[in-house]
Amino acid sequence: MAQSIRDYNTFRVDHEVSSIHQATTIEELRAACEAVDNPIILGDGSNVLFAADIDRPVIVIDMKGITLGDESDRWQEVIVGAGENWHDLVLWALDHDLGGIENLSLIPGKCGAAPMQNIGAYGVEIADTLWSVGVMDRMTGALFNLSKSACKLGYRDSIFKNEYKGQYIITSIKLRLTKAPHHKLNISYGDIKKQLSDQGISEPTIKDVSKAVIAIRESKLPDPKKLPNAGSFFKNPVIPIHQYDELKKKHSDMPSYPVSDAVCKVPAGWLIDQAGWKGVMLGEVGVHAQQALVIVNHGAKDGKQILELSKMIQKSVFEKYGINLNTEVNLFRK
Ligand code: EPU
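Using numbering that gives the first Met the number 0, you'd call the opening residue of the sequence shown number 0 and step up by one each time.
This is the structure in structure tokens:
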């Protein structure tokens, strides 16, 4: 029987899928995989856009639990169920004075989705602390571990979005977090430095860094519970340096981040902002007024409106800069 996806996606669009199955244990996950074909796997649905009714079943990952693994005098391993909320894990780590994920405070979503797109913010990615992931082979139900290198983590990318798409389901993650006094703070990101100095903090703790990140995110990024969204809608495009040098002649203030000798990254938020989209509404959907990389939903039930706005943005950025924006959210459409 068809079911609404409304409560399972942070855009709060209201499309139907063929069925929805909760997996709170490994056994429930295995049973759901045996019962259905070609499922869509969701955590909190915080990085997806449904733009139509989709004739596929959904399995919602909800396996909980945080356990301690191996340790040394410098680090502690933690093994976390894929269904744990990511930010709750960050708070748990801070309470235990374990470091390495404080810059990733307040990122929406569940832990199982974190390696999938190698979540990152303010100079840190989960790749920096991930040790391995536990997976289930969807077809056989077999469980095993994949090392970090086997996950082929890249910028908002991993093997789970490519070769292993639809094949392996992440059931747990293992992180190696630092113990005091071996924390390595990453406060090089301009916004964090400013936030800390505004508060007069010169020797920050991991909790201070987390608080600074939370303050920055709350000032720019809309809370999905109050204003439905899926974070950055597009990835920051990576372009050849020679193309960037050409563009810079005409747009002298275009920012960039170094990637390699051959390519650099340009902030998509800047491109979208400069193309005039910041704060623009199109019917019930719009571009967030504080961060142009985020599309917000003021009440549309049909995700197609969001998809249409995103296409208009892509077209206008391409016309102005000759740069293609690729979506960061996973799209489900007809
Ligand atoms: N900018 C503008 N106008 C805007 C937005 C941004 O000019 O409307 C400029 C900013 O002034 C800055 C640059 O673009 O020079 C970068 O902006 P920001 O620091 O806000 O970061 P971002 O590159 O837009 C990325 C991630 C975010 C992450 C932040 C902080 C991607 C796709 N997004 O955004 O991740 O929180 O860096 O590290 O890489 C997410 O993935 O959902 C997400 C929110």
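Glycine included, every Cβ here is placed at the ideal spot set by N, Cα and C.
{"Query": "DSSP bridge partner residues for Cys263 (one or two, in chain order)", "Result": "Ile238 and Pro257"}
{"Query": "Bridge-paired residues (DSSP) for Gly56", "Result": "The residue asked about is misnamed: residue 56 is Pro in this sequence, not Gly. For Pro56, which the question treats as bridged, DSSP gives the partners Ser18."}
{"Query": "Own chain partners of Leu97 with C-beta closer than 6 Å, once the 5 adjacent residues on each side are dropped", "Result": "Gln75 and Leu176"}
{"Query": "Collapsed DSSP secondary structure at Ile168 in the structure displayed", "Result": "strand"}
{"Query": "For Asp207, the first and last residue of its enclosing alpha helix (DSSP H)", "Result": "Ile205 to Lys219"}
{"Query": "Identity of the residue in Gly68, Ser196, Thr204 and Val286 nearest Pro227 by Cα", "Result": "Val286"}
{"Query": "Any non-hydrogen atom of the ligand EPU closer than 8 Å to Asn235 Cβ", "Result": "yes"}
{"Query": "Close beta carbons around Tyr320, own chain, < 7 Å, minus the five adjacent residues each side", "Result": "Leu246 and Leu270"}
{"Query": "Contact the region 3–22 vs the region 299–310: 3+ CB pairs below 8 Å", "Result": "yes"}
{"Query": "Beta-ladder partner(s) of Val286, from DSSP", "Result": "Ile294"}
{"Query": "Where Pro114 falls, given that 16 or more other Cβ within 10 Å makes a residue buried", "Result": "buried"}
{"Query": "Gly285 Cβ short of 8 Å to the ligand EPU heavy atom set", "Result": "no"}
{"Query": "Which listed residue (Ile125, Lys225, Gln242 and Ile294) has its alpha carbon closest to that of Leu88", "Result": "Ile125"}
{"Query": "Nearest neighbour of Met138, chosen from Thr128, Lys147 and Gln166 [CA to CA]", "Result": "Gln166"}
{"Query": "Secondary structure of Leu103, DSSP reduced to three states", "Result": "helix"}
{"Query": "Pairwise C-alpha distance: Ile186 and Val212", "Result": "10 Å"}
{"Query": "Assumed close pair Ile215, Asp207 - CB separation to whole angstroms, cut-off 8 Å", "Result": "With 8 Å as the limit, Ile215 and Asp207 do not qualify as a contact, their Cβ atoms being about 13 Å apart."}
{"Query": "Proximity of Thr23 and Ser45 at Cβ, strictly below 9 Å", "Result": "no"}
{"Query": "Terminal residues of the alpha helix (DSSP H) in which Trp91 lies", "Result": "Trp85 to Asp94"}
{"Query": "Assigned secondary structure, Met311 (DSSP; H/G/I helix, E/B strand, else coil)", "Result": "helix"}
{"Query": "Assigned exposure category for Leu418 - 16 Cβ within 10 Å defines buried", "Result": "No information on residue 418 is available, as it lies outside the stretch 0 to 333 that the chain covers here."}
{"Query": "Ser196 versus Pro203: straight-line alpha-carbon distance, rounded", "Result": "10 Å"}
{"Query": "CB contact flag (Ser157, Asn144, <9 Å)", "Result": "no"}
{"Query": "Beta-carbon contacts of Asn235 that lie in its chain and below 6 Å, excluding the five residues immediately before and after", "Result": "Lys264, Pro266 and Ala267"}
{"Query": "beta-carbon Ala1 near the ligand EPU non-hydrogen atom, thresh 8 Å", "Result": "no"}
{"Query": "Exposure label - Ser104; buried when at least 16 CB within 10 Å", "Result": "buried"}
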